[in-house]
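One structure below.
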Amino acid sequence: MAPDLHYETPEKDRVPLTEKVIYGLGAFVNNILAAAIGGMSIVLNLGLGMNPALVGLLGALPRLIDAFTDPLMGYISDQTRSRWGRRRPYIFAGAILVSISFALLWQLPEGKSQDYYFWFFLIGSLVFYLFYTMFATPWVALGYELTPDYHERTRVMAVQNFMGQLAYLISPWFLWIMQHEGMFDNLASGAAGLAVAIAIAVTILGVLPAIFLRERYQDLATKEIEEATAGVSGLASQFRERTLDFFRGFAMTLRFSPFMKLCAATFLVFNGFMMVASFQSYIIIYYVFAGDQELGAEYAGWSGTVSAFGTFFVIFFISWLSTLIGKRRAFFVAIGVSMLGYALKWICYDPRYPLLLLLPAPLIAFGLGGLFTLMGSMIADVCDMDELQSHERREGMFGSIYWWVVKLGMAAALAIGGVLLNATGFDVALGGHQTEQALLLMRLFDIVVPLVFSGIAIWLIASYPITEQVAAEVRQSLEARRGSVS
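Reminder that position 151 of the sequence shown reads as 153 in my numbering, one-by-one numbering, no gaps.
Set out below in structure tokens:
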């Protein structure tokens with residue numbers, strides 16, 4: 003078979019646009035929560051005076067708990083048998099519970115000590131992330147089984163990424179909203195009000211995928227579960243068998259080389275960005291605008307908005323490009339363009355020409371826009387190859403471990419980011435009179451870290467083995483073994 007031969011998507015494998023959009027609403031919920039919990043945490047430093055290192059620690063510690071809860075939730079979702087499916091009950095309940103916990107998390111009383119705020123926010127974050135996992139892990143897994151087609155998977159992920167990016171049209175303005183004098187008295191009260199508005203939107207939109215989408219592999223998975231548990235009787239025996247099965251599945255997933263390459267590449271690209279994500283706002287406020295928080299927040303908002311609009315183009319361009327040159331090469335293009343954007347920050351973040359800071363934004367958008375369009379599609383291909391070897395549909399385990407790796411890296415990134423900010427010598431008390439060394443180091447970290455991480459990611463994906471031809475052969479083998487076309 004010629005290497006450049008492409009397969010056409012059969013009509014039966016196409017996902018209707020309405021279902022793609024509904025699945026994408028889950029991405030909006032997922033992204034608005036992730037953006038809010040990260041972006042609003044600046045309130046702890048600028049509004050309540052907490053040390054940046056402690057703020058970074060608050061971002062890191064709850065995600066360490068995800069190292070256990072994410073894979074466990076993935077396994078529970080894979081093994082669930084109910085009339086409503088394996089994923090949908092958890093998506094429905096999780097959307098409601100995560101909304102409530104998020105709203106309560108930001109009701110921070112004023113005039114308390116730094117220790118009080120630390121423990122209040124830490125305990126609240128642990129509860130929030132538990133319900134976040136309950137929603138997000140089954141939702142991710144549901145996307146992997148919406149279609150078995152190589153190219154339609156990319157289109158599904160493109161639409162869901164498009165919908166998710168709508169959150170990033172809104173989130174860059176969170177700081178501006180929270181400190182708007184006409185709406186709120188201060189940053190802390192602004193965070194409390196904004197959190198309630200976000201919670202209402204999450205509740206309404208988050209339950210829709212559970213109500214309107216179907217699970218393609220529900221019956222197949224139920225049959226596999228029944229075959230695997232046949233002959234195991236008694237609660238103690240079932241618990242022991244399920245516990246062993248969880249750890250066996252966890253170890254198998256971590257040993258699956260193509261999957262781990264995807265995890266490592268995402269870890270590098272996403273967390274290289276996240277490690278210095280907060281630096282952009284600090285650089286814009288304190289370097290470009292000499293400490294003017296209101297004007298700096300406005301331009302940071304515009305930069306985020308330009309990036310979000312750029313990402314909309316990136317998503318569909320990369321989806322189209324991947325059908326021409328393959329998912330792996332499309333990844334190289336996306337990350338390469340983003341690296342150019344990072345490098346341009348050195349020139350374009352200039353106090354004399356502040357509008358130039360908008361120029362790198364659409365180029366940097368190729369990084370995350372291309373990453374999360376391609377990775378979801380590639381992991382769905384990995385799930386098929388795994389089924390060929392394991393005789394199990396384990397979308398939940400793969401999705402949970404993938405996002406566990408991302409969040410574990412994010413935990414390290416946020417913690418290191420706070421330490422790096424302290425290492426620059428930045429002092430919020432100095433306002434617009436930061437030292438030249440602090441501003442220089444902030445700018446260097448903001449550029450060099452994502453450049454290096456992205457370069458390593460490209461090197462890793464160069465050896466990723468699942469091409470379109472390989473994916474087609476895997477599907478044919480699965481359908482022959484099942485005795486029917488999926």
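Glycine included, C-beta positions come from ideal geometry on N, C-alpha and C.
Quick caveat, the model's predicted, so the values are computed rather than measured.
Exercise for the section: Could you give the DSSP three-state label for Tyr-25: helix, strand or coil? Expected result: helix
Handout entry: Beta-carbon spacing of Asp-15, Thr-149 below 7 Å
Key = yes
Exercise for the section: Please determine if the region 166–175 and the region 303–316 are in contact, where contact requires at least 3 C-beta pairs separated by less than 8 Å. Expected result: yes
Handout entry: Among Ser-324, Arg-354, Ala-367, Gly-328, nearest to Leu-342 - alpha-carbon criterion
Key = Ala-367
Handout entry: Element boundaries [alpha helix (DSSP H), containing His-153]
Key = 152–167
Practice task
Have a look at Ala-4 and Phe-374 and give me their C-alpha separation to the nearest angstrom.
Solution key: At Ala-4 the pLDDT is 42, less than 50, meaning the model places this residue with poor confidence; the figure from the coordinates comes in the next sentence. When rounded, the distance between both Cα atoms is 28 Å.
Practice task
Please confirm whether Asp-72 and Thr-135 have their CB atoms less than 7 Å apart.
Solution key: yes
Practice task
Measuring alpha carbon to alpha carbon, tell me which of Asp-117, Ala-69, Ala-279, Val-57 ends up nearest Asp-448.
Solution key: Ala-279
Exercise for the section: Please work out which residues of its chain come closer than 7 Å, Cβ to Cβ, to Pro-91, disregarding the five sequence neighbours upstream and downstream, and give them in chain order. Expected result: Ser-84
Handout entry: Own chain partners of Met-75 with C-beta closer than 7 Å, once the 5 adjacent residues on each side are dropped
Key = Thr-135, Met-136, Thr-139, Ser-402
Handout entry: Candidates Thr-469, Tyr-351, Phe-315, Ile-327: closest to Phe-281 by CA position
Key = Tyr-351
Practice task
Look at the Cβ atom of Val-407, then the Cβ atom of Leu-365, and state whether they are nearer than 7 Å.
Solution key: no
Exercise for the section: Apply the 10 Å Cβ neighbour rule to Phe-315 and answer buried if 16 or more other Cβ atoms are within range, or exposed otherwise. Expected result: exposed
Handout entry: Tyr-219, DSSP secondary structure in three states
Key = coil
Exercise for the section: May I have the straight-line CA-CA distance separating Val-487 from Leu-132, to the nearest angstrom? Expected result: Only weak support exists for where Val-487 lies, its pLDDT of 44 falling under 50; the coordinates are left without a value.
Exercise for the section: Grab me the residues of Ala-474's own chain with a C-beta within less than 8 Å of its C-beta, minus the 5 sequence neighbours each way, in chain order. Expected result: Tyr-9, Tyr-152
Problem - Among Ile-287, Trp-322, Phe-123, Ala-253, the one whose alpha carbon lies nearest that of Trp-178 - result: Ile-287
Practice task
Can you grab the Cα-Cα spacing for the pair Phe-269 / Val-161, in whole Å?
Solution key: 22 Å
Exercise for the section: Confirm, please, whether the CB-CB distance from Ile-460 to Pro-260 is below 7 Å. Expected result: no
Problem - Inter-stretch contact at 8 Å, needing at least 3 Cβ pairs: the region 64–71 / the region 117–133 - result: yes
Exercise for the section: Please list, in chain order, all residues of the same chain as Glu-112 whose beta carbon is under 7 Å from its beta carbon, the five residues on each side excluded. Expected result: Ala-190
Exercise for the section: Classify Ile-317 as buried or exposed, calling it buried when 16 or more other Cβ atoms lie within 10 Å of its own Cβ. Expected result: buried
Exercise for the section: Check Tyr-92 in the structure and name its three-state DSSP category. Expected result: helix
Practice task
Alpha carbon to alpha carbon, how far is Gly-427 from Leu-207? Give it in angstroms, no decimals.
Solution key: 42 Å
Practice task
Note down the Cα distance separating Tyr-118 from Gln-391, rounded to an integer number of angstroms.
Solution key: 51 Å
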